[in-house]
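Working notes, beginning with the structure itself.
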Amino acid sequence: DWKNKPFPECIKPVRFERSKQIQTNSYLPSGDFPIIDQGQSKIAGWTNDKSTVINDNLPLIVFGDHTRVFKYIDFHFAIGADGTKLIKPDEDEFCSRYFYYYLMNLNLPSKGYSRHYNLLKESEISYPEIPEQQKIAAVLFKIQQAIEAQESIIEAAQELKKSTMQHVFTYGLRGEKTKETEVGRVPESWSLKPAIEVFTLTSGKTRPENIADRKNHETRYPVYGGNGVMGYSTKFFLSSKALVLGRVGEYCGVVHISHDKSWITDNALYSKKWLDSGTSIDYVALYLTFFDLNKLKRRSSQPLISQSIVYQQKIPIPDNQEQQKIVNILKSIDNKIKLHIGKKSGLHDLFKTVLNKLMTGEVRVKDLDINFSEVV
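In terms of the numbering used here, the sequence shown opens at residue -19 and continues consecutively.
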């Protein structure tokens, strides 16, 4: 009982002045009006230029012609310069949110950085009557709201971790006086040690073949690259706990800990020998994360962090008891972040499954009592 129409017959033309699109180098970090472009983030930047703002024909769907990203926009906005298409469904035939979700479920094959709008124009839209469209949209909107709630919790916890690190690595946990050092203010009782006196580093090995995306009973050993775990292998060469630092790439300097058997690639460094038994690996990993080795990377054809750069850094070290308390505090925040990242991932999977089942009619909601006031 669903109708079918070619995509071009389902939309109304949207006219706006292309000259008012905003170039990326003009994006502001904050401002009066959000900028929407074809990137993954919903809001790419901000502008204060009122003349660029689109405030009629809302809601609109923004399509990334290169990225194949769809965004539902129901607020005043300015548009980024490159690769964006504005789509307005015929509201006599469609609930706007239903149309947005239907487009999200389309399989548009990637053509690299080529434009994809022609693929969209060749698509066909299937749709029930508007009341059922509204119920479908309401179900999917609720899941999206739950995802956004998890994102807000994760963001708040990450900010909490950042501010907590700033406090504990400056003032410690005992309320003692601080002293000025070459790494900034630290508690008076803390000592400074060069990293080379705490551990020695070495590069990893060439990555093993046949790396799997997921861990299972065969591919159970994590493989660390320049940005952390890049997959799982049947092989390992490191069998003890070690500090792992990204060596090559834009995220070089990122800090991880290999807790068990693992493989470290030559895009990373790892602690071959731990020299200071009074300093915990967990504490050092947290301090180096706070310090941010990435800011010291060599900018050549490929960003790089070398052993010598790391060795030159001084690490402020409290006694063992305070180290462990700092580790416990920050790990508790990390555990909260991981919990909500897991919830967000589960909700994403749920959204994809429900989206497909609703948009193909495998699951019908037309006879269910669903409040759709939020999507009308």
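Just so it is clear, CB atoms sit at the ideal spot from N, CA and C, and this is done for glycine as well. None of the values given here were measured: they were computed from a predicted structure.
If you ignore the 5 residues before and after GLU104, its C-beta comes within less than 8 Å of the C-beta of ASN(-16), LYS(-15), PRO(-14) and PHE(-13), all in its own chain and listed in chain order. Within the region 202 to 236, complete beta strand (DSSP E) segments of at least 3 residues are found at 208 to 213 and 222 to 226, given in chain order. Counting along the chain, ARG77 sits inside the alpha helix (DSSP H) bounded by residues 76 to 85.
The continuous stretches of beta strand (DSSP E) do not include VAL343, and DSSP gives it neither H nor E. Bounds of the beta strand (DSSP E) holding ALA248 are 248 to 254.
With contacts defined by Cβ atoms closer than 7 Å, ALA129 and GLY184 do not form a contacting pair.
Of the candidates LYS142, TRP(-18), HIS197 and ILE237, the residue whose Cα lies closest to the Cα of PRO111 is TRP(-18). In the three-state scheme derived from DSSP, where H, G and I count as helix and E and B as strand, LYS122 is classed as helix. Going by DSSP, LEU172 is part of the beta strand (DSSP E) stretching over 171 to 174. Shortest Cα-Cα distance from GLY229 to any of GLY205, LYS215 and LYS51 involves GLY205. By the beta-carbon neighbour count (other beta carbons within 10 angstroms, threshold 16), GLN146 is exposed.
Taking 8 Å as the upper bound for CB-CB distance, PHE(-4) and HIS56 are not in contact here, some 13 Å apart.
Scanning its chain for C-beta atoms nearer than 8 Å, with the 5 sequence neighbours on each side dropped, one finds around ALA61 the residues GLN1, ILE2, GLN3, THR4 and ASP17, in chain order.
Leaving aside the five residues that flank SER10 on each side, the residues in its chain whose CB is nearer than 6 Å to its CB run, in chain order, TRP26. Among the bridge pairs identified by DSSP, SER260 is matched with none. LEU140 is positioned such that its CB atom lies no closer than 7 Å to that of TYR81. Looking at the backbone, the Cα of LYS275 and that of CYS232 are separated by about 9 Å. Residue pairing by DSSP leaves TYR267 without any beta bridge partner. Just so you know, the alpha carbons of ASP349 and TYR107 end up roughly 19 Å apart. The Cβ atoms of PHE179 and TRP254 lie closer than 7 Å to each other. For PRO69, same chain residues with a beta-carbon under 7 Å away, outside a window of 5 residues either side, are CYS(-10), ILE(-9), SER76 and PHE79 in chain order. For PHE352, the secondary structure class from DSSP, reduced to helix, strand or coil, is coil. Between the alpha carbons of ARG227 and GLU109 lies a gap of roughly 56 Å.
Taking every protein chain shown into account, the CB of GLY211 has 16 or more other CB atoms within 10 angstroms, so this residue is buried. Put simply, the region 319 to 329 does not touch the region 190 to 200. Fewer than three CB pairs are less than 8 Å apart. For LEU338, same chain residues with a beta-carbon under 6 Å away, outside a window of 5 residues either side, are ILE116 in chain order.
By the CB criterion at 7 Å, TYR52 and ILE41 fall inside the cutoff. Excluding five sequence positions before and after HIS236, the CB atoms of its chain that fall closer than 7 Å to its own CB belong to TYR204, GLY208 and VAL224, given in chain order.
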